[in-house]
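Below is one structure; the comments refer to it alone.
Numbering (our numbering), first residue to last: 1037 to 1128.
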């Protein structure tokens, strides 16, 4: 059962953190600017940063992103090569 709940999740590392950020908007902007993908908010189920605020020593806590369907995840993973050299990494 757990494998199905993780099917639509990706982890994003290396995205700088801003004061009072809305993580969903950060992810949508990243996908649009760096991956050339438009992701409507309706295709995102949940987004949040990992760890507590006290652990953000380098202001780059990882982001967990859960899509509403697998096709969105696949589209992002297929285009992640465009992030080479940016310090941002997307893994599933």
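The beta carbon of each residue, even a glycine, is placed where N, CA and C say it ideally should be.
For residue 1064, no beta strand (DSSP E) encloses it; the enclosing alpha helix (DSSP H) starts and ends at 1059 to 1070. Within the same chain, and ignoring the five residues on either side of residue 1067 in sequence, the residues whose Cβ sits closer than 6 Å to its Cβ are 1073 and 1075. In this structure, 1062 is the residue among 1079, 1062 and 1043 with its C-alpha nearest to the C-alpha of residue 1050.
Sixteen is the threshold: since fewer than 16 other Cβ atoms of the shown chains lie within 10 Å of the Cβ of residue 1122, the residue is exposed. Ranking 1128, 1059, 1118 and 1126 by CA distance to the CA of residue 1069 puts 1118 first.
DSSP places residue 1086 in the coil class of the three-state scheme, outside both helix and strand.
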